[in-house]
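*Asks:* First the structure, then my questions, so here it is.
Protein chains: 2
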Amino acid sequence: VTVSVPELDRSDGSRPMPGEGLDRSRAPPRVGGTGIRDLLEILGAPDVLSLAGGTPDPALLPVADLRTAYESVLARPETAGEALQYSSSQGHPSLRNEIARRMVADGVPCTSDNIAITAGSQQALDLLGKLFIWPGDTVAVGRPTYLGAIQAFDPYRPRYVELSAGACAAEPALSIVYVVPDFHNPTGRRMSVTEREALLAQTSGVLIEDAAYRPLAFDGSRQPSLLELDCRRCGSIEKARTIFCGTLSKTVSPGLRIGWICAPARVIDKIALLKQGADVHASTINQLVAARVLRTEPTDRLLHVRTEYARRAEALQDALTQSLAGVVTWTRPEGGFFTWVELPPMLDASRLLKRSITEAKVAFVPGAAFFARTPSHACLRLSCSMLPPDAIAEAVARLSRVIKESLNDHPGPE
Amino acid sequence: VTVSVPELDRSDGSRPMPGEGLDRSRAPPRVGGTGIRDLLEILGAPDVLSLAGGTPDPALLPVADLRTAYESVLARPETAGEALQYSSSQGHPSLRNEIARRMVADGVPCTSDNIAITAGSQQALDLLGKLFIWPGDTVAVGRPTYLGAIQAFDPYRPRYVELSAGACAAEPALSIVYVVPDFHNPTGRRMSVTEREALLAQTSGVLIEDAAYRPLAFDGSRQPSLLELDCRRCGSIEKARTIFCGTLSKTVSPGLRIGWICAPARVIDKIALLKQGADVHASTINQLVAARVLRTEPTDRLLHVRTEYARRAEALQDALTQSLAGVVTWTRPEGGFFTWVELPPMLDASRLLKRSITEAKVAFVPGAAFFARTPSHACLRLSCSMLPPDAIAEAVARLSRVIKESLNDHPGPE
Chain E
13 VTVSVPELDR SDGSRPMPGE GLDRSRAPPR VGGTGIRDLL EILGAPDVLS LAGGTPDPAL
73 LPVADLRTAY ESVLARPETA GEALQYSSSQ GHPSLRNEIA RRMVADGVPC TSDNIAITAG
133 SQQALDLLGK LFIWPGDTVA VGRPTYLGAI QAFDPYRPRY VELSAGACAA EPALSIVYVV
193 PDFHNPTGRR MSVTEREALL AQTSGVLIED AAYRPLAFDG SRQPSLLELD CRRCGSIEKA
253 RTIFCGTLSK TVSPGLRIGW ICAPARVIDK IALLKQGADV HASTINQLVA ARVLRTEPTD
313 RLLHVRTEYA RRAEALQDAL TQSLAGVVTW TRPEGGFFTW VELPPMLDAS RLLKRSITEA
373 KVAFVPGAAF FARTPSHACL RLSCSMLPPD AIAEAVARLS RVIKESLNDH PGPE
Chain A
13 VTVSVPELDR SDGSRPMPGE GLDRSRAPPR VGGTGIRDLL EILGAPDVLS LAGGTPDPAL
73 LPVADLRTAY ESVLARPETA GEALQYSSSQ GHPSLRNEIA RRMVADGVPC TSDNIAITAG
133 SQQALDLLGK LFIWPGDTVA VGRPTYLGAI QAFDPYRPRY VELSAGACAA EPALSIVYVV
193 PDFHNPTGRR MSVTEREALL AQTSGVLIED AAYRPLAFDG SRQPSLLELD CRRCGSIEKA
253 RTIFCGTLSK TVSPGLRIGW ICAPARVIDK IALLKQGADV HASTINQLVA ARVLRTEPTD
313 RLLHVRTEYA RRAEALQDAL TQSLAGVVTW TRPEGGFFTW VELPPMLDAS RLLKRSITEA
373 KVAFVPGAAF FARTPSHACL RLSCSMLPPD AIAEAVARLS RVIKESLNDH PGPE
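See the structure below:
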């Protein structure tokens with residue numbers, strides 16, 4: 013098993029000299045050789061119990077419905093011709109309508125003019141970075157935050173400030189803010205309404221709401237989205253400062269690369285132009301298939317998916333309580349895939365991962381990659397999404413032995 | 013019929029003031045509200061004979077093969093699970109292998125390590141802009157050039173120099189060059205080997221070769237690609253300075269959004285990291301389907317496609333000769349979709365388009381959008397890809413009447 017351990021490379025990509033040719037490089041990713049890509053490689057090792065990736069379980073995706081949808085689209089010449097042809101940069105109307113309907117049902121008064129279809133919510137972050145971030149601009153992100161957001165924003169060269177969970181930053185007014193209010197990646201936390209209102213009040217510019225895990229509340233409960241609260245406050249989505257990023261990657265299929273931005277129409281118009289320059293449009297056939305699957309989705313499908321992830325999350329909590337209580341601390345998520353573990357400060361999660369993979373065949377993600385500025389090394393992210401409850405229990409039992417042995421090997425605080 | 017006429021908006025997007033919120037904007041596209049998106053809208057009008065879009069005819073796409081491929085991938089649980097899941101940012105190995113095999117057959121010694129899969133060749137241009145272009149860098153492009161390249165590069169704020177067809181620029185060494193050597197968009201021209209060698213010799217930095225129309229030589233003939241010449245000259249792709257951008261959009265399906273970059277492995281590694289931050293990866297299912305279609309493609313399929321486009325191009329040439337000889341001049345392409353028409357200098361193609369749509373129900377693309385610096389207005393692009401020969405003859409006959417009437421209305425040169 014080859015493991016790449018995420019370690020931050022803080023080279024800041026200074027401007028190349030003329031004549032460097034192909035070795036000139038405007039945007040050397042700061043997370044050198046790591047990030048999502050290497051996490052997916054850890055995940056792929058065959059005999060490893062993986063608590064690493066933020067990937068949905070394929071068994072919980074609507075595979076049969078997707079198969080039927082591809083076949084119906086391609087069986088009729090008119091829809092086949094449309095599905096295989098170029099289409100609108102803003103997104104196919106049938107999918108934008110379906111997404112707008114869902115946004116309305118989720119409390120946001122909007123129309124399909126407020127929707128742009130993107131290649132997953134990851135591309136939403138890239139396009140928003142391209143639209144809003146000038147070199148040196150301050151972007152406020154969580155401490156910790158989703159590492160893919162750092163990767164999306166970095167090429168636009170912002171300066172970051174870090175917001176601790178629940179606390180607002182010291183800076184009096186935040187001009188660009190990025191948050192994951194529902195079942196945060198990597199901590200699993202959900203913001204309270206009070207926290208949401210406070211964040212809205214403190215944001216003077218653009219508030220980017222990453223809602224990737226929003227449909228996955230274990231008990232089906234909901235908090236109003238930041239965009240809903242913003243619309244309520246100012247009376248119309250056209251006056252809102254919140255930009256909502258959604259995705260089908262956690263509930264329908266990440267392989268389709270379908271996400272969306274919901275925002276004031278004048279922002280959507282700019283995003284559509286940037287999308288056109290970036291890749292013309294999202295896959296037409298995948299958009300038609302997604303629209304069909306959403307339109308015909310049984311009302312109890314998500315209920316089943318949520319219940320199954322809830323069982324896995326509960327197994328993870330039980331296993332942590334049983335074998336690591338008093339040794340480490342951890343979050344208690346109410347939805348999504350992730351639990352965040354704080355280790356005793358003398359431990360380094362990257363070193364722990366090497367040992368965990370080789371000695372215990374258990375994978376997780378070291379926490380350092382999730383910090384935009386100063387990394388903390390004594391923390392890690394566990395995902396419960398890919399394993400059944402008994403495998404989760406086994407993985408945590410093995411991991412706890414590695415943690416305890418590492419603590420024993422350690423001389424302890426001076 | 014609502015027509016948006018491309019007109020360049022030369023606002024240069026000065027830095028927004030703090031507190032502008034959602035109306036701040038780092039990258040206002042200079043082609044305000046126009047470009048590819050509006051061309052697709054012109055194309056979509058039902059009763060208009062369109063010589064506008066650079067879209068392949070759906071009747072010439074392998075629709076049945078694609079349908080079979082989707083069904084085979086989704087019918088088996090293992091491949092279905094893989095197709096619907098996250099995958100490698102560099103691209104799925106099965107598709108990279110298939111593309112590498114085709115690049116080798118086309119004269120480029122490379123392996124799948126030299127291939128990155130992108131969302132069409134449009135995204136290749138975006139990622140290459142992100143990697144190589146610093147604000148103020150000089151990028152050399154054709155005069156005219158593909159408007160989508162300008163849209164892809166503009167957010168990275170280059171300065172452009174324009175290379176006239178066949179002539180190299182006055183600047184002694186070009187650090188970043190973008191060209192479409194085969195069946196150029198918008199002129200249809202193919203560069204000779206001598207021109208290719210000269211361009212390689214003059215490029216000191218990065219040479220971006222856009223090969224979107226390369227498979228579509230009417231007689232199946234080929235000139236060596238710039239990348240092949242470069243590899244021959246320096247002995248290995250790893251020492252080459254040429255970056256080749258290919259796409260399946262013109263021959264298999266634009267709706268899949270599958271293209272690729274072929275380049276030295278160290279460039280591919282950087283592109284894969286940027287791709288990860290941009291949208292994680294290209295659609296997994298579309299990559300598996302594309303690999304399957306390429307692997308099983310009948311050897312005579314492209315022959316049939318080329319022959320059909322050749323018939324249409326010939327009909328376009330005949331019609332131009334019959335009704336516009338001595339009035340306008342035009343190029344004589346040996347492949348691809350496009351013919352470039354130079355009008356008498358007193359005519360403005362944008363105004364001509366309005367009249368052509370309303371009076372003659374014929375669409376084309378005014379030439380001004382294809383210039384990176386100083387637009388010429390007395391030129392236009394015709395595409396023969398979407399109409400059968402008799403409709404092309406009818407469209408040109410109608411267009412010629414509008415051109416001649418416009419000339420009669422005009423007082424003539426002072």
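First to last, the protein sequences are chains E and A.
Take 13 as the starting number for the first sequence in our numbering and just add one per residue.
Take 13 as the starting number for the second sequence in our numbering and just add one per residue.
Each residue gets a CB set at the ideal place from its N, CA and C atoms; glycine is no exception.
(1) Sort out for me which residues DSSP pairs Ser395/A with in a bridge.
(2) Can you tell me whether DSSP reads Val120/E as helix, strand or coil?
(3) So the candidates are Pro147/E, Tyr190/E and Ser99/E; which of them puts its Cα closest to the Cα of Leu137/E?
(4) Name the DSSP beta bridge partners of Val341/E, please?
(5) To the nearest angstrom, report how far apart Leu186/E and Gly217/E are at their CA atoms.
(6) Once DSSP output is grouped into helix, strand and coil, what is the label at Ser412/E?
(7) Who are the neighbours of Ser295/A on chain C, taking C-beta pairs under 7 Å?
(8) Any contact of the stretch 260-275 of chain A with the stretch 83-101 of chain A, i.e. 3+ C-beta pairs under 8 Å?
(9) Which full runs of the beta strand (DSSP E) of 3+ residues lie inside the stretch 147-203 of chain A, going along the chain?
(10) Find the residues of chain A that neighbour Thr67/E, judging by a C-beta separation of less than 9 Å, and give them in chain order.
(11) Is the number of C-beta pairs between the stretch 387-397 of chain A and the stretch 62-77 of chain A that are closer than 8 Å three or more?
(12) For Glu83/E, which residues in chain A fall below 9 Å Cβ to Cβ?
(13) Whose C-beta lies closer than 7 Å to the C-beta of Ala331/A among residues of the same chain, with five residues either side of it excluded?
(14) State buried or exposed for Asp421/E, treating a residue as buried only when at least 16 other CB atoms are found within 10 Å of its CB.
(15) Which class does Ile283/E belong to by DSSP, given the choice of helix, strand or coil?
(16) So, with DSSP's three-state summary, where would you put Phe9/A?
(17) Please report how far the alpha carbon of Pro58/A lies from the alpha carbon of Lys282/E, in whole angstroms.
(18) With Glu83/A as the anchor, note down where its beta strand (DSSP E) starts and where it stops.
(19) Return the Cβ separation of Leu250/A and Ala277/A in integer angstroms, given the expectation that the two are a contact with Cβ distance under 8 Å.
(20) Name the one or two DSSP bridge partners that Phe256/A has.
(21) For Asp194/E, is the classification buried or exposed, using 16 other Cβ atoms within 10 angstroms of its Cβ as the cut-off for buried?
(22) Just tell me which of Leu139/A, Leu411/A, Arg367/A and Gln299/A has its CA closest to the CA of Val340/A.
(23) Measure from the C-beta of Gly132/A to each C-beta in chain E and report whether the shortest distance is under 8 Å.
(24) Have a look at the DSSP bridge pairing and note the partners of Ala229/E.
(25) Cα separation between Ala210/E and Phe165/E?
(26) List, in order along the chain, the chain A residues whose C-beta lies closer than 7 Å to that of Gln135/E?
(27) Can you tell me which of the three DSSP states Pro236/A falls into?
(28) Chain A partners of Ala164/E, CB-CB under 8 Å?
(29) Would a check of beta-carbon distances place Leu411/A closer than 8 Å to chain E?
(30) Does the beta-carbon of His316/A have 16 or more other beta-carbons within 10 angstroms, so that it is buried, or is it exposed?
(31) Count the other C-beta atoms from every protein chain shown that fall within 10 angstroms of the C-beta of Glu417/E, then say buried if there are 16 or more, exposed otherwise.
(32) Nearest by alpha-carbon distance to Ile255/A: which of Ser388/A, Val353/A, Gly141/A and Ala380/A is it?
(33) By Cβ distance below 6 Å, which residues in the same chain neighbour Ala39/E in space, the five residues on each side in sequence not counted?
(34) How long is the line joining the alpha carbons of Gly119/A and Arg363/E, rounded to whole angstroms?
(35) Please tell me whether Pro345/E and Ala361/E are closer than 8 Å, where the distance is taken between their beta carbons.
*Replies:* Short version:
(1) By 1-based counting over the second sequence, the position of residue 395/A is 383. DSSP, once it has assigned bridges, lists Phe350/A as partnering Ser395/A.
(2) Against the first sequence, residue 120/E aligns to sequence position 108. It is coil, neither helix nor strand.
(3) Indexing the first sequence from 1 puts residue 137/E at position 125. Looking at the Cα atoms, Tyr190/E is the closest of the given residues.
(4) Within the first sequence, numbered from 1, the residue matching residue 341/E stands at position 329. The residue asked about is misnamed: residue 341/E is Thr in this sequence, not Val. Partner(s): Glu354/E.
(5) Residue 186/E sits at position 174 when you count from the first residue of the first sequence. Residue 217/E sits at position 205 when you count from the first residue of the first sequence. Cα-Cα distance, rounded: 7 Å.
(6) Position 400 of the first sequence holds residue 412/E. Ser412/E falls in the helix class under three-state DSSP.
(7) The chain inventory of the structure shown lacks chain C, comprising the protein chains E and A.
(8) no
(9) 150-155, 171-176 and 186-191
(10) For the purposes of this step, residue 67/E is identified with residue 55 of the first sequence, where counting begins at 1. In chain order: Gln97 and Tyr98.
(11) yes
(12) Sequence index remark: in the first sequence, residue 83/E carries index 71 (1-based). Those within 9 Å of Glu83/E in chain A are Arg79, Tyr82, Glu83 and Leu86.
(13) Taking the second sequence and counting its residues from 1, the one referred to as residue 331/A is at position 319. If we look at Ala331/A and ignore the five residues flanking it on each side, its Cβ neighbours are Ile404, Ala405, Val408 and Ala409.
(14) Translated into the one-based positions of the first sequence, residue 421/E becomes position 409. Asp421/E should be labelled exposed.
(15) Working through the first sequence from its first residue, we reach residue 283/E at position 271. In the structure shown, Ile283/E sits in a helix (DSSP, three-state: H, G or I).
(16) The structure shown has nothing for residue 9/A, since chain A only spans 13 to 426.
(17) Residue numbering aside, residue 58/A sits at position 46 when the second sequence is read from its first letter. Residue numbering aside, residue 282/E sits at position 270 when the first sequence is read from its first letter. Cα to Cα, Pro58/A sits roughly 27 Å from Lys282/E.
(18) The count along the second sequence starts at 1 and reaches residue 83/A at position 71. From DSSP, Glu83/A is part of no beta strand (DSSP E) but of the alpha helix (DSSP H) over Val75 to Ala87.
(19) Against the second sequence, residue 250/A aligns to sequence position 238. Against the second sequence, residue 277/A aligns to sequence position 265. The residue asked about is misnamed: residue 250/A is Glu in this sequence, not Leu. So it is a contact: roughly 6 Å between Cβ atoms.
(20) Taking the second sequence and counting its residues from 1, one reaches residue 256/A at position 244. Bridge partners of Phe256/A: Glu221/A and Cys274/A.
(21) Against the first sequence, residue 194/E aligns to sequence position 182. Counting Cβ neighbours within 10 Å, Asp194/E comes out buried, since at least 16 surround it.
(22) Residue 340/A sits at position 328 when you count from the first residue of the second sequence. The option with the nearest alpha carbon to Val340/A is Leu411/A.
(23) Taking the first residue of the second sequence as 1, we reach residue 132/A at position 120. It does; some Cβ of chain E falls within 8 Å.
(24) Taking the first sequence and counting its residues from 1, the one referred to as residue 229/E is at position 217. Gly347/E.
(25) Within the first sequence, numbered from 1, the residue matching residue 210/E stands at position 198. Within the first sequence, numbered from 1, the residue matching residue 165/E stands at position 153. When rounded, the distance between both Cα atoms is 24 Å.
(26) The sequence position of residue 135/E within the first sequence is 123, counting from 1. Ala290 and Asp291, listed in chain order.
(27) Along the second sequence, read from residue 1 onward, the residue named residue 236/A stands at position 224. If DSSP states are grouped into helix, strand and coil, Pro236/A belongs with coil.
(28) The residue given as residue 164/E occupies position 152 in the first sequence. Here the neighbours are Gly289 and Ala290.
(29) For the purposes of this step, residue 411/A is identified with residue 399 of the second sequence, where counting begins at 1. For Leu411/A, the answer is no, since every Cβ of chain E falls outside 8 Å of its Cβ.
(30) Position 304 of the second sequence holds residue 316/A. Counting Cβ neighbours within 10 Å, His316/A comes out exposed, since fewer than 16 surround it.
(31) Translated into the one-based positions of the first sequence, residue 417/E becomes position 405. So Glu417/E ends up on the exposed side.
(32) Numbered from 1 along the second sequence, position 243 holds the residue referred to as residue 255/A. With distances taken between Cα atoms, Ile255/A lies closest to Gly141/A.
(33) By 1-based counting over the first sequence, the position of residue 39/E is 27. Low per-residue confidence applies at Ala39/E: pLDDT is 49, beneath 50, and the placement is therefore not dependable enough to give any value.
(34) Counting from one through the second sequence, the residue named residue 119/A turns up at place 107. Counting from one through the first sequence, the residue named residue 363/E turns up at place 351. Going from the Cα of Gly119/A to the Cα of Arg363/E covers about 46 Å.
(35) Against the first sequence, residue 345/E aligns to sequence position 333. Against the first sequence, residue 361/E aligns to sequence position 349. No, these two residues do not count as a Cβ contact at 8 Å.
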